[in-house]
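2 protein chains.
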Amino acid sequence: MKYLEKLRNSGLRPTKQRLQICEVLFNTNKTFHFTINDLSEKIKKQTSKKISLATLYNTVHAFEKKGYLKQIPINSSQTYFDTNVTEHHHFYDLKEEKLIDLKNSDVGPINILKKINGKKIKSVEVLVKLED
Amino acid sequence: MKYLEKLRNSGLRPTKQRLQICEVLFNTNKTFHFTINDLSEKIKKQTSKKISLATLYNTVHAFEKKGYLKQIPINSSQTYFDTNVTEHHHFYDLKEEKLIDLKNSDVGPINILKKINGKKIKSVEVLVKLED
DNA sequence: ACACCTTTTTAGAATCATTATAAACTATTC
DNA sequence: GAATAGTTTATAATGATTCTAAAAAGGTGT
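Taken in sequence, the protein lines are chains A and B.
Once you know that position 59 of the first sequence is 51 in the working numbering, the rest is easy, because the numbers rise by one and skip nothing.
Once you know that position 114 of the second sequence is 106 in the working numbering, the rest is easy, because the numbers rise by one and skip nothing.
Rendered as structure tokens:
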């Protein structure tokens, strides 16, 4: 089990549910965006046994804290997560309410000149809103 | 009444409530960030007559649609609005959960090289997350 | 294998921002 | 002033997320 190690090394017990969620999230070379609800649907389709919503929330937040997932800053009724945890940016199609990845080379370097004393920059994220 | 014209020109009837909200939001040379709840508190303090929550939501969204307010894309339990509708960016202090303006000159130009057919760029917003 | 302790899962309830409803009210036009 | 369309309001409804507390499962030592 390739995710067993990963979980254990992060201090997360490799439970059946977490391993299952890992399969759905990470067992692909394509990264993708999802909401908790998307994830719930995906799991329902892939397997017979269900995972409770509370567990999905717990696990996704645990993975986020460990750096395996990123939250995408967007105003939407649901929170979006990204399995692509590298520094990159997004288009948001306002009409279709869909997120599209922007490669880093599509945006170019962003220099933040201002400094706040005692604070470090954790991330720099660009959201480009699209309309028709 | 300086806001009466503004509202009428936008096709919004200048009601008592809307004029009141204009006073609170725009009668200052400093721009600021707020949530619906902040706005509600501010109005309670400034006046005796109260405005219902539903009206605050309606009005703020109407103003946003007209371009008098901007939503700030950030994952928070409450939606943040900005009275500064010029193109600019934000720091978000994760610990204090506070937004700080970044002047455009603090970030420099951002070139979006990728194009999506049939879509126009409506806005480009940078969120810089800060940690200790 | 068993007992022990801690972490995790779970169903369901609770929370809380936001939106919908539908009746009363108000601005505008004629 | 009457008619009409747009607004406001209190309240209910919605829906994503978090909380709760009890049951289940993982890990460790014997």
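For each residue, glycine too, the CB sits at the ideal point set by N, CA and C.
Item: Cβ of Glu79/A less than 9 Å from any chain B Cβ?; Value: no
Item: At a CB distance below 8 Å, what residues from the segment 87 to 115 of chain A approach chain B? Give them in sequence order.; Value: Ile92, Leu94, Lys95, Ser97, Asp98, Val99, Gly100, Ile102, Asn103, Ile104, Leu105, Lys106, Ile108, Gly110, Lys111, Lys112, Ile113, Lys114 and Ser115
Item: From the DSSP output, in three-state form, read off Asp124/A for me.; Value: coil
Item: Can you check whether the C-beta of Lys121/A is within less than 9 Å of a C-beta belonging to chain B?; Value: yes
Item: Could you check whether the Cβ of Pro65/A sits closer than 9 Å to any Cβ belonging to chain B?; Value: yes
Item: So if DSSP puts His82/B in a beta bridge, which residue, or which two residues, is it bridged to?; Value: Asp93/B and Leu119/B
Item: Alpha carbon to alpha carbon, what distance is there between Leu(-4)/A and Ile113/B?; Value: 43 Å
Item: Taking DSSP as the reference, what is the three-state secondary structure of Lys114/A?; Value: strand
Item: Would you report the Cα separation of Ile64/A and Gly100/B, rounded to the nearest angstrom?; Value: 22 Å
Item: At the level of alpha carbons, what is the spacing between Leu4/A and Ala46/A?; Value: 17 Å
Item: Which parts of the segment 50 to 81 of chain B are runs of the beta strand (DSSP E), unbroken and 3 residues or longer, counting only runs that do not cross its ends?; Value: 62 to 64 and 72 to 74
Item: Since Val16/A is in the alpha helix (DSSP H), which residue starts that stretch and which ends it?; Value: Lys8 to Phe18
Item: Using a Cβ-Cβ cut-off of 7 Å (strictly less than) and excluding sequence neighbours within five positions of Ile104/B, which residues of its own chain qualify?; Value: Ile113 and Val116
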